[in-house]
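In the working numbering, the protein residues as written are 446 to 836.
We put the CB at the ideal spot given by N, CA and C, even for glycine.
This report refers to the structure that appears directly beneath it.
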């Protein structure tokens, strides 16, 4: 994601195992299967100005043993091409992913980075094999503020209902379209931190959704924007239906520089969702509020976004983002162990709450991706398959 509260300014052959000509089948009901495996999709990859492929290809090791650059096995593809996206859909669904949550950008200047969804995914011949939904990334982006004007939010709600919610494969929970907001604290700023006005805007959103023929809206909040003592009050006041996390490092600080151990961070995260003790929304347990969808992060390494920083410079600057420690030892086996913990957390819940979110399909610039690289090939997807796909 182009993000974090310490936001920096604008970042400026597929494996033959899968065919882009797979036949599209009628979309199955959301409740088919035992779990929803929803994976964040960051859209910024192709032959266009904002793409991070060039930055990724020039990444360099910042310390001994640091694995950079990370090279995509499928090459530096153009995700806006429906045939390219069709192959991604085939791969994802073959290994157990049934939902892409697209990082979606819309501010007062309009949409941004929407082509992967609108030109790629929705026009892929096999799009109906997979569900999709939106995470509205309402953070500052360059000169554009995340706290949009109230009238912009009205435009956003109209747009998503008409262009996305009505798609047959839009992700719905008990029939209600799932819409996630990244920073609810920023959303409140749109309304002068007046929760009454914010609730009224969300209530209008729900009414529009119902008028479009749906039973309700499923409003999800990322805990990153629901931090501190007011978390539960905000959830209840605004009528948020569920919460989740984007990535482990939002809640668990990486204790060692230049690298912290994957299992240490993962264990701390899973402990915090049960007992609290972390930060940015996990100060207390999530079990006393609305349903929480656990997160499994594949890794963390934002060093490719450090432009032309030398190893010497990088090692002297642990902040702000994108500088900072990376996660190491995030092997496919350790990733699989984390998936098993998430599975155990949701296993006894009602079917509509057996949801696991994963960071991510393609956060290459932050070192968290399921897409195969030249080192591990399909190993992370194979780990996912081993945990969630019946043999």
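Contacts around residue i, its chain only, beta-carbon distance under 6 Å, and the 5 residues preceding and following it disregarded
i           : result
residue 500 : 749
residue 817 : 518 and 823
residue 515 : 818
residue 798 : 736
residue 542 : 482 and 484
residue 677 : 734
residue 589 : 552 and 554
residue 731 : 718 and 737
Contact set for residue i: own chain, Cβ-Cβ below 7 Å, skip 5 residues either direction
i           : result
residue 468 : Summary for residue 468: the model assigns pLDDT 36, below 50, so the residue's position carries little reliability; its value from the coordinates is reported in the next sentence. No residues qualify anywhere along the chain.
residue 825 : 743, 777, 780 and 815
residue 472 : For residue 472, the predicted model reports a pLDDT of 39, less than 50, meaning its position is unreliable; a value from the coordinates is still stated below. For residue 472, where only same-chain residues beyond five positions count, the Cβ hits under 7 Å are 573, 613 and 614.
Residue i versus the options, residue with shortest Cα-Cα distance
i           : options               : result
residue 625 : 580, 535, 818 and 806 : 580
residue 599 : 797, 821 and 650      : 650
residue 641 : 714, 716 and 679      : 679
residue 632 : 775, 565, 595 and 498 : 595
residue 582 : 553, 567 and 603      : 553
residue 523 : 492, 497 and 536      : 492
residue 763 : 775, 714, 774 and 747 : 747
residue 639 : 613, 620 and 682      : 682
residue 801 : 809, 755, 715 and 774 : 715
residue 620 : 627, 663 and 712      : 663
Cα-Cα separation, residue i to residue j
i           : j           : result
residue 759 : residue 765 : 11 Å
residue 834 : residue 592 : 40 Å
residue 480 : residue 753 : 42 Å
residue 830 : residue 540 : 5 Å
residue 400 : residue 689 : For residue 400 there is no data in the structure shown, the boundaries of the chain being 446 and 836.
residue 794 : residue 535 : 29 Å
residue 637 : residue 757 : 43 Å
residue 576 : residue 587 : 31 Å
residue 803 : residue 784 : 9 Å
residue 693 : residue 446 : 14 Å
residue 556 : residue 615 : 19 Å
residue 498 : residue 564 : 19 Å
residue 608 : residue 502 : 34 Å
residue 645 : residue 738 : 26 Å
residue 521 : residue 809 : 11 Å
residue 687 : residue 751 : 34 Å
residue 811 : residue 603 : 32 Å
residue 496 : residue 489 : 5 Å
residue 525 : residue 478 : 29 Å
residue 728 : residue 711 : 16 Å
residue 511 : residue 773 : 8 Å
residue 605 : residue 560 : 15 Å
residue 828 : residue 782 : 9 Å
residue 610 : residue 661 : 11 Å
residue 648 : residue 725 : 26 Å
Rounded Cβ spacing between residue i and residue j (contact assumed at less than 8 Å)
i           : j           : result
residue 629 : residue 666 : 5 Å
residue 558 : residue 550 : 5 Å
residue 707 : residue 775 : 4 Å
residue 627 : residue 695 : Contact doesn't hold; Cβ gap of about 10 Å is too wide.
Same chain only: Cβ atoms within 8 Å of residue i, ignoring 5 sequence neighbours per side
i           : result
residue 806 : 484, 485, 486, 487, 533, 537, 542, 545, 814, 815 and 816
residue 821 : 777
Take every Cβ of the stretch 483 to 492, pair it with every Cβ of the stretch 546 to 553, and state whether three or more of those distances are shorter than 8 Å. yes
Is the stretch 698 to 715 touching the stretch 650 to 665, taking contact as three or more C-beta pairs under 8 Å? no
Is there contact here, the stretch 501 to 520 with the stretch 776 to 789, by at least three beta-carbon pairs under 8 Å? no
Across the stretch 562 to 573 and the stretch 520 to 537, are there enough close Cβ pairs to call them in contact, namely three or more that are closer than 8 Å? yes
Under 8 Å, with one C-beta from each stretch per pair, do the stretch 702 to 709 and the stretch 766 to 775 reach the 3-pair mark? yes
Taking three-plus beta-carbon pairs below 8 Å as touching, is the stretch 713 to 721 in contact with the stretch 666 to 679? no
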